Amino acid sequence: MSLDVTALTREVTQAETFEKAAWITLDRCLDTVEESLSQSPWSDEGSILRCILHLRRPGGGYFNLAMLEPGQDACSQDVDQSIFPPSARAWDCLLDLKRPLYVDVETGTICEVGDHAHPRVIWDDEDEAGDTLHLLRDRQADQLFVAPLHGEKGELVGMISVESRCTRAQGTEFIWPACSGALNEIAQAVGPVVVSKPLAESDRPLVNAHLPVLGESMRSTVRTLANFARSDDVVLLTGPTGTGKTRIARWCHDQSSRRDGPFKPVYLAAVPEDLRASTLFGWRKGAYTGAVDEGRGAVLAAHGGTLFIDEIDKLSLEGQAALLELVDTRQYHALGEPDRVVKADVRFIISTNADLRSLVDQGRFREDLFYRVNVLPVRLLPLVKRMDELADWTRHLLERRHDESGMAGRVRIRNNAVLALSLYAWPGNLRQLDNVLRRAYTFAKGESIGPTVTIRAQHVSQALIGEPAVEPPEDLVASMQGLASSFVKMAIKVKAKGKVLNLDYLDALESFVIRAAAEQTGGPDDALRLLGQDSAVEGRNQRRFMQKREEARERLLTFLKSLEEESDEP
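The sequence shown begins at 36 in this note's numbering and counts up one residue at a time.
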């Protein structure tokens, strides 16, 4: 079979969704490896099990994943998307080498596929590559081949993996030298295209009480988590503090087959260091000073359900060793009972805002535990990259605060107050937003005459006093996407009132940008020079230039004010 990369790229480009583009790609990969297998000495007994396309954020976790097995139709809408997580070791190798490689279960090696006769052995110790071997053996696979996926700028954005089984080929290079070039060519061609594709609409509801807000910025991450929830493998949630890891962990539990079992969270940062291990594993009476009774421990309390361990980096090296045994064997010992083995029936969700890989390098986190918990990593975005969710989170958090107050009326927030919130970068993320809104609510409630509490821009400004000064978000594209999303949402609301939020109102953005630049420079002249408008400063038309943009700003503010006045009418 000849490989027509141009035709494949065209077909992938025409696909409307990530899933469709991925399945087309994987179908071509399956054809390629099956042809190589048919022409090899192992054609009678070897088999290709599955191909998986993984997209990952640099330094973070998954945000899209698709799988295809031989015999499945890439054109079908019902392709089984069972989760088969890849090895964290293989991913680390790709980050280092950025070239195709393969894993051999029998020899316990991860090897580079190259033009030289003998591939370089990267790890030749079974304990070091144990996570890879464990995953492959569970899936009846002898070998795993991976090829890197790159984005438009050449950055590593994911990988394509192929799993195979052939007992007689163990300890050899199998078919990989014959097909690695074609597989790598496919990966290089489709990488920039696949990574930009949107997810297909899901029939499965993603929003619930634990995840009441879901914007486009987080949709692919949550869709991936919905797939991960069906697996019993460890989910590792990373990302800055305050991004909602506990919410997401509870949401994953609700989506899993263990939803009817307990959800037991353990917040290690809130537990004294010398009690963290006993909090997890329980203790026998007299096991330590103050242990006057026996303690069940969180693992036993989570039996049949989900154990959520928050800030795993706070666990001592001794505690990490005990946790490693638990994750590996699903068995543990309560403190003070070294001879009594307790069996655990839990699913683990782990979270941290620390860089575990860096802690491993510093000797503060066990490398073997890192690879055991880094099976299904997902990085939660900071709020500044989820600005399309800001308005909805604001309303949800205010309504929750209003319900807590017991007031009979309702709570509202002005559009200019939402705008004031959107101009802040939120280093503390959702937790900080909640705190600021609680203060703003208190200020507004103190001024309310009737039962309705209305949050205005001045209340937000008051609430932000004392919050850390932060630089504006560096991700300009994400900020503009958030602005676009907010503009469209407002247009929909305005249309329901029989009016139109005209696209021309975006002319006001230039005025806001110039004002911001003037505040950070020496004034209007320096602002205009900074923004490449030297001619407006040096010529005679500066007044006209500024007046045009200020008029656009006033038109927008007047329009928004008229909407608010209509809302105030009985």
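Glycine included, every Cβ here is placed at the ideal spot set by N, Cα and C.
Note that the structure is predicted; figures quoted are calculated from it, not measured.
Worksheet item: In chain order, what residues of the same chain have a beta carbon less than 8 angstroms from the beta carbon of L411, not counting five sequence neighbours either side?
Response: G96, Y97, I118, P120, F263, S266, D268, V269, V270, L271
Practice prompt. Note down the Cα distance separating A304 from N388, rounded to an integer number of angstroms.
Written response: 12 angstroms
Fill in: Within 8 angstroms, strictly: CB atoms of F606 and L391
With the chain represented from 36 up to 605, any question about residue 606 goes unanswered, as that position is not in the structure.
Worksheet item: Which parts of the stretch 337-419 are runs of the alpha helix (DSSP H), unbroken and 4 residues or longer, counting only runs that do not cross its ends?
Response: 352-364, 391-396, 402-408
Worksheet item: According to the Cβ coordinates, are V228 and A57 closer than 8 angstroms?
Response: In this structure, the beta-carbon distance from V228 to A57 does not fall below 8 angstroms.
Practice prompt. Could you check if K232 is buried or exposed, using at least 16 other CB atoms within 10 Å of its CB as the buried criterion?
Written response: buried
Fill in: First and last residue of the uninterrupted alpha helix (DSSP H) at G481
464-482
Fill in: Touching by the beta-carbon criterion (3+ pairs, under 8 angstroms), the stretch 276-291 and the stretch 443-452
no
Fill in: Length-filtered (3 minimum) beta strand (DSSP E) runs lying within the stretch 427-464
446-448
Worksheet item: In terms of residue numbering, what span does the alpha helix (DSSP H) encompassing D139 cover?
Response: In the DSSP assignment, D139 falls outside any alpha helix (DSSP H) and lies within the beta strand (DSSP E) extending over 136-139.
Discussion item. Check whether the stretch 254-261 and the stretch 412-428 touch, using three or more Cβ-Cβ pairs below 8 angstroms as the test.
Written reply: yes
Discussion item. For the alpha helix (DSSP H) containing C128, name the first residue and the last one.
Written reply: 123-132
Worksheet item: For the candidate residues V395, D396, L361, L394, whose alpha-carbon lies nearest to that of D380?
Response: L361
Worksheet item: Do three or more CB pairs link the stretch 196-211 to the stretch 219-226 at distances below 8 angstroms?
Response: no
Worksheet entry | Reference H431, options D374, R584, R174, V242, closest by Cα | V242
Fill in: Rounded separation between R172 and V140 - CA only
8 angstroms
Worksheet entry | C-beta contact flag for L65 and P105 at 8 angstroms | yes
Discussion item. Considering only their Cβ atoms, is the gap separating G339 from L315 smaller than 8 angstroms?
Written reply: Taking 8 angstroms as the Cβ cut-off, L315 and G339 do not qualify as a contacting pair.
Worksheet item: Should S393 be labelled buried (16 or more other beta-carbon atoms within 10 Å of its own) or exposed?
Response: exposed
Discussion item. Considering only the alpha carbon of each residue, which of S351, D309, G296, R124 lies closest to L637?
Written reply: In the structure as shown, the chain begins at 36 and stops at 605. Residue 637 is therefore absent and cannot be evaluated.
Discussion item. With the cut-off set at 8 angstroms, would you say R584 and E545 are in Cβ contact?
Written reply: yes
Worksheet item: Which one of K420, A571, R579, E599 has the shortest CA to CA distance from A492?
Response: Closest option to A492, judged by alpha-carbon separation, among K420, A571, R579, E599: E599.
Worksheet item: My guess is that T477 and R447 are in contact by the Cβ rule of under 8 angstroms, so how many angstroms apart are they, rounded?
Response: Rounded to the nearest angstrom, the Cβ distance from T477 to R447 is 16 angstroms, too far for a contact under 8 angstroms.
Worksheet item: Quick one: Cα of G441 to Cα of D427, how far?
Response: The alpha-carbon atoms of G441 and D427 are separated by roughly 22 angstroms.
Item to complete: Leaving out five residues on either side along the sequence, give the residues of the same chain with a beta carbon under 6 angstroms from the beta carbon of Q205.
Response: E141, D177
Worksheet entry | CA nearest to the CA of S483, picked from R445, E502, S496 | For S483, the nearest C-alpha among the options comes from R445.
Worksheet item: Helix or strand or just coil, what does DSSP make of Q107?
Response: coil
Worksheet entry | Proximity of L352 and R407 at Cβ, strictly below 8 angstroms | no
Practice prompt. Under the assumption that E54 contacts A125 (Cβ atoms under 8 angstroms), give the Cβ distance between them as a whole number of angstroms.
Written response: About 23 angstroms; that fails the 8 angstroms criterion.
Worksheet entry | For S196, the nearest candidate out of R588, T429, L184, L350 (CA to CA) | L184
Item to complete: Would you tell me roughly how many angstroms separate the C-alpha atoms of E586 and M253, rounded to the nearest one?
Response: 36 angstroms
Item to complete: Note the first and the last residue of the continuous alpha helix (DSSP H) segment covering F53.
Response: Note, F53: alpha helix (DSSP H), 53-73.
Discussion item. Just verifying my parser: in three-state terms, what is the DSSP assignment at Q286?
Written reply: Contrary to the premise, residue 286 reads as Trp rather than Gln in this sequence. Correct three-state label for W286: helix.
Worksheet item: Does DSSP put T314 in a helix, in a strand, or in coil?
Response: helix
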